[in-house]
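Below: one structure, written as structure tokens.
Residue numbers (my numbering), protein chains in the order written: chain L, 10 to 369; chain B, 10 to 369; chain H, 10 to 369; chain D, 10 to 369.
Pasting the structure below:
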């Protein structure tokens, strides 16, 4: 079977680079187009990355594939949907609002941008958690008269928490969650992202709009698709999001109230035994387990655990009873914000929908 | 009036050095004795700090006072209580268990160690919050047959939170608290403390025994002295304590449930208007305000705010409603763990009890 | 005697804020005007610092003086020289090229920008080192037909090294210098300055144009004023400049070849005994000693030593013989790049020229 | 051909763990014995790593191999040389002085410790640079009456510099080197290594004994084996070694004086074309190139470049003429201090001597 021809919008930024690294040697998807701002258009990709000061602005640890380095970059506005089977979008939200609908008229668009996350006919997918929401794109296509569709992935801070809550919601039910995040700098990108002078020997206690995103998205992801719309889960979610001097990997301190009594051992088992939606299990980018619960009380740590299973697993530790909430438990998790929480997470969604036969 | 002659136990360690810096030019207290391990005994203090590799192990930013540098260090075991009016203790908990009671037979001992914090006849004092608990030392003296007493200060992570909860408890009542801390490295000391290889680009999600301390101490501090004993406050407290790559200043993300409805503005006003126990207000080490609520949503930050009012104020920001807890609010605080949370906090207690006439 | 009325150009940036902090309560200078970009014009200074996201962009540790907070900011283009006695300039080099000459027609301009550093009729002043160059401004005034003049300060990396070389050049003569710098992030400012993702767990081995600046400026500063022009010192200078994850304080590893034999003790004494130009010694911002040589082999360290004497002293350590260069010595120095190396250094120059009677 | 049976002395420390990670799936060597302190003896290796606080003290990023986890640890004193073909030593220098000679009576010992580096009959090997020194072990065996021998690897700071100097020495000759290092924390190990409080927002300008090691070792490594002894190279070496807040990868700023004129292009070509000793080229741990010269002026950076070719290549950048030294050039290098500079470097030496037929 031929590989899907994919175009990447926003190819030169940090998020775009993560898509390029993650799509190298992909069994089902081939990157055949790269789009960026008009400033880069017409240049070979490696050339577009070269800054005026001589620096090569390739920021991910994986090497830039030779074939991509030579590929000519086109302007986002000039991308022709007919040349591709699918599109990945790594642009900022305001650009996404223009370019994603234009492409979605003809082809599926998998997006890391927040622009369409909160639309009623747009699913917000984490394959093991809510693969069942994917068919909402049919409704989207019908309503908007599109042949393609837009499927965004959640905010990177939502992803790890939603994954750990899913097995608890399934086995015990969940009533409320209070979460404090200690987020990595990579989540803020590089334009300019987090300034060194601000974060060294420091914590920044506010990430604009982040808390609202996590609160709304968690309820949508854990919700159910009924009658062509998603009914949000009635879990109450409250969080405080902070930034710390960590390169990659969000750490989250979670307090959760279950709907019924459980023991620590049962909570741990629920996470350990969870395999997620069946259709998600053997996708090319799927890890052997979505959640790894660690016994060492000093884990998870972002530097040691973010790359577990290629950055696609959420690591959990210190599962304990909480004395305040009803049927309360508390734990910490680490989730790789630019792997499972960004490019690789979007690719996983494309893999899912291909497996579900929803791309056609 | 003559100054109180004070001996410092554990003078060469990081905590001891903080006492020395904080007692420089103190209006009521004069450091007239320095005690450390037998290895240092007999040496001038500056000499005792000199390591075999030539390094001068003076770690606080303030300069080492000339008079202290020349003072001869004695072994902790040889300290004679009769030569002093009070003692400050900066030793580890296991040493504290031996040396503090010996001195307390004759003189008051103000301690940063946890050894006696949980004894029924020992008050755990934060002057603006619970100056009223101080007379419990009379009970302690009676029971133990001592002329002096032991008063420890709380764990440094407890202090900032207890201070911010006090005005809420007084004005609205509080029912429960869920807290996640992002603690500075200085709290772990230097023996070896936090290793650079462990904390750079990382978060450590566990600080042994810390969470239990905060939970028990908060209830004791906010409790009431009745019939010669402290009845703990019935607030339920649950926390998760983590370590981040910050030099000084603990950041805490607090979710609190009040006993009655309130607005954000009322909560902020309660903190801003709070002056604490009257007797604590004009102590030499007291800041102009115990709590500073900041309007900038990006504050408090440990590096920018830890030194507010000489490290004696707790800074608060991002006071918001919380949608999960009943009458819930959430905010962040920064508290200087080695000033208000350690040496200067213990000195403040000595100042308090002097003002209360309890030293005699 | 009335204070000098000073206007500050570039008042809202990080460098401008450092001028404001340094001029608070200055005995001879009063900040009576603040200029910034047209975007800030017409606003009160505190208002101009408030970002759209609610953040107050005041970045120096000292508090923003109340009187400055309320002062109205004008656009740089609208500043009228006649309203002031002197100007301080904290703008970028390209802006400096426009605004500094316009003001210099009428009043002295003391600048942290590099725009005019390399002009033949412009002295580059470090008061203790080359106060004797200051009268070159008379030549500048004559040539350009100005009533005022422009005097820039050196690059922050040049300053500490030139100060330590001065006593060696005076006492022994110097033939060549090889230096590697480990520079703080604050030298790069905040627009965007050094990105956290680039510097954490890392070293950046290149700072564009920095090495050339240090090489040229050192020779000019150590040169002599002869016949209305500065003859550069014939010392050969070569350096490699790197950036490290330090907030403030440049560390420099220096290898120097003297013109004649000397012992380590003589080199140390030369630095310790050096008092610099007599006219510079009692200036309000002058430290008690320009150089502090430390005996502890683990010093100087930027975090511990950058603030020595208010950030106006250069600290030196590890003075040793070097076996490669002729009469070779090596040592390390720490210099505060945004105090002596920036705003306070420029203010010191204004103080110097006032003392020299060159402002009139 | 059967694999060599290797015992690892010092198996539980950080250096020992690096040997374990590096020997996983090695084609010629099998780890069949693990030795540590008596405290660990008798325990399974994974058990020996478990600290009393529940932490698993496995610090390298690679997973602990299952077979090693179960292997029983013996006390270093009880290791029987007859059970092994070779030994790797990752112990501290004082322990090395006892245990290494005892084993060397019977089998070759490859050591990361400094204990025997400076003995006249002991070669200090970097395979591509001085494979020709290896036969010196025959002299060592003769003199000491051993069947085995001891071969240490150089200090991790020496390695990268010696590798970059080798092609210059071969093609142009070298007269002198001045180097300033910016060293990673991992070089100091974990007992306690570099304390977080000392290194954050800081540089430590002194690493005891390091500079002397680099100076002596570089001359020995670049020397020549003549008449059963190594005549040191007559290059003069002077350095200043500092510690920075970097996890892994030493950065070194090098100034070198060549024996004859050359252009930057010739210097770069000399490094790029260098393949090292022929016998070293196809060893299992050898990288495709020992030196990678990067064109981007912002490279090499330790975080981006330390892992080049599995941490076995030295990356070089910013090769420029130096105006001070005769035929002077300057450049920066990054070398992985715990891969090529430690365990993997020692394994490479074992591979070399096996290929040279010197193990028998």
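We put the beta carbon where it would ideally sit given N, CA and C, even for glycine.
Under the 8 Å Cβ criterion, the stretch 236 to 250 of chain H does not count as touching the stretch 237 to 251 of chain B, having fewer than three qualifying pairs. Residue pairing by DSSP puts residue 117/B in a beta bridge opposite 158/B. When 215/H, 344/H and 51/H are compared, the shortest CA-CA separation from residue 324/H is found for 344/H. Its Cα nearest to that of residue 179/L, the residue 280/L stands out among 313/L, 280/L and 60/L.
Nearest to residue 103/B by C-alpha distance, out of 120/B, 286/B and 293/B, is 120/B. The C-alpha of residue 134/B is placed about 21 Å away from the C-alpha of residue 19/B. With a threshold of 8 Å between beta carbons, residue 340/B makes no contact with chain H. Residue environment analysis places residue 273/B among the exposed positions, since fewer than 16 neighbouring C-beta atoms fall within 10 angstroms of its C-beta. Residue 331/L: member of the beta strand (DSSP E) spanning 323 to 331, first to last residue. For residue 208/H, the chain L residues whose C-beta falls within less than 7 Å of its own C-beta are 205, listed in chain order. The three-state reading of DSSP puts residue 28/B in helix, counting H, G and I together.
Taking C-beta atoms under 8 Å as the contact rule, residue 245/L and residue 204/H fail to qualify, at a distance of about 37 Å. Taking CB atoms only, residue 188/L has no neighbour in chain H less than 8 Å away. In the DSSP assignment, residue 267/L forms a beta bridge with 183/L. In the DSSP assignment, residue 45/H falls within the unbroken beta strand (DSSP E) covering 38 to 45. Runs of the beta strand (DSSP E) lying entirely within the stretch 194 to 240 of chain L and spanning at least 3 residues, in chain order: 233 to 235 and 238 to 240.
Listed by position along chain H, the residues whose Cβ is nearer than 8 Å to that of residue 350/L form an empty set, because the closest Cβ is around 16 Å away. Note that the C-beta distance between residue 137/H and residue 285/H is below 8 Å.
Among the residues facing chain H, residue 305/B is included, as its CB has a counterpart in that chain under 8 Å away.
When C-beta distances to chain B are compared with 7 Å, the residues of the stretch 173 to 200 of chain D below that value are 194, 195 and 199, in chain order. For residue 19/B, none of the residues of chain H pass the 7 Å Cβ criterion, the least Cβ distance being about 22 Å.
Within chain D, the residues placing a beta-carbon under 7 Å from that of residue 256/H are 210, ordered along the chain.
A distance below 8 Å between beta-carbons, with the five flanking residues on each side excluded, links residue 363/L to the following residues of its chain, in chain order: 13 and 37. Distances from the CA of residue 308/L to each of 64/D, 209/D and 22/D were compared; the closest alpha carbon is that of 64/D. The Cβ-Cβ distance between residue 212/L and residue 255/B falls below 8 Å. Taking residue 41/B as the centre and dropping the five residues before and after it, the same chain places the C-beta of 14 closer than 6 Å to its C-beta, in chain order. Between residue 293/B and residue 35/B, the C-beta gap is smaller than 8 Å, which places the two residues in contact. Residues of the stretch 52 to 68 of chain D with a C-beta less than 8 Å from any C-beta of chain L: 62, 63, 64 and 65, listed in chain order. With contact defined as three or more Cβ pairs closer than 8 Å, the stretch 183 to 196 of chain H and the stretch 100 to 118 of chain H are not in contact.
Against chain D, the CB of residue 332/H has a partner CB under 8 Å away; the residue lies at that interface. In chain order, 20, 21, 43, 44, 45, 49, 50, 51, 52, 53, 54 and 57 place their CB closer than 8 Å to the CB of residue 82/D, counting only its own chain and leaving out the 5 sequence neighbours on each side.
Residues of chain D with a Cβ closer than 9 Å to the Cβ of residue 326/H are, in chain order, 214 and 215. About 39 Å separates the beta carbon of residue 116/D from that of residue 182/D, a gap too long to meet the 8 Å contact definition.
In chain D, no part has a C-beta under 7 Å from the C-beta of residue 27/H; the shortest such distance is about 18 Å. For residue 245/L, the closest Cβ of chain B is nearer than 8 Å. Taking all protein chains shown into account, residue 310/B has 16 or more neighbouring C-beta atoms within 10 Å of its C-beta and is therefore buried.
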